[in-house]
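In our numbering, the protein residues as written are -5 to 187.
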């Protein structure tokens, strides 16, 4: 950003501009992150500019919501038509100093979602697989992977494949239909490969 050593929108999106992925994340607010002095900084003007650039590239933003204020700002970006509808939101719970991973907080977020959005909900660490069961109860899609959880069980390291297999097992036991890749692409509004 001008007058600071903070990377601006163009610099932060250089990899998106170069690689043109179908989806990229857009963290929708500033927050303290974990211990120490790490602050994830996203000013409103920076987020608006990033949203403009992502939209111009034809990349679908996955709006990451770490707390209730982030959801308020995400809805503002949608209202300003900086995010194409249906918006794709990720409700991220259990991240230190963000929204806690309890069902009440999840419901509070779900109750404030913009109409017609596609959304997922997840929690990190030991709560990841519990949220595989909780997410569909509130109408959310699920997310699993090593980015959010390294363990299949206490002391048992996981692979992404194992976490996906466990999620599918949980969902099928709940009579939740798991979408195939083509159905998933359609639901997320991605173009055909």
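Positions of the beta carbon are idealized from the N, C-alpha and C atoms, including for glycine.
CB contact flag (residue i, residue j, <7 angstroms)
i, j, result
"residue 138", "residue 104", "no"
"residue 111", "residue 59", "no"
"residue 116", "residue 83", "no"
"residue 119", "residue 25", "no"
"residue 47", "residue 7", "yes"
"residue 108", "residue 81", "yes"
"residue 28", "residue 90", "yes"
"residue 88", "residue 121", "yes"
"residue 73", "residue 126", "no"
Assigned exposure category for residue i - 16 Cβ within 10 Å defines buried
i, result
"residue 9", "exposed"
"residue 181", "exposed"
"residue 140", "exposed"
"residue 167", "exposed"
"residue 33", "exposed"
"residue 68", "buried"
"residue 95", "buried"
"residue 147", "exposed"
"residue 3", "buried"
Same chain only: Cβ atoms within 6 angstroms of residue i, ignoring 5 sequence neighbours per side
i, result
"residue 86", "58 and 60"
"residue 165", "172"
"residue 106", "65"
"residue 179", "none"
"residue 38", "none"
"residue 135", "114"
Residues near residue i by beta carbon distance below 8 angstroms, same chain, minus five either side
i, result
"residue 15", "53"
"residue 35", "0 and 24"
"residue 143", "118, 119, 120, 122, 123, 152 and 157"
Paired residues, beta bridge with residue i - DSSP
i, result
"residue 113", "83"
"residue 18", "55"
"residue 166", "Looking at the DSSP assignment, residue 166 forms no beta bridge with any residue, so it has no partner."
"residue 181", "The partner list for residue 181 (beta bridge, DSSP) is empty, contrary to what the question assumes."
"residue 34", "25"
"residue 66", "Answer by DSSP bridge pairing: none, since residue 66 is not bridged."
Cβ-based neighbour list, residue i, same chain, cut-off 7 angstroms, excluding 5 preceding and 5 following
i, result
"residue 49", "76 and 78"
Contact with chain C by residue i, beta-carbon distance below 7 angstroms
i, result
"residue 129", "The structure shown contains no chain C; it holds only a single protein chain."
Can you find at least 3 beta carbon pairs, one from the region 84 to 104 and one from the region 36 to 43, that sit closer than 8 angstroms? no
Inspect the CB distances between the region 55 to 66 and the region 154 to 172 and report whether three or more fall short of 8 angstroms. no
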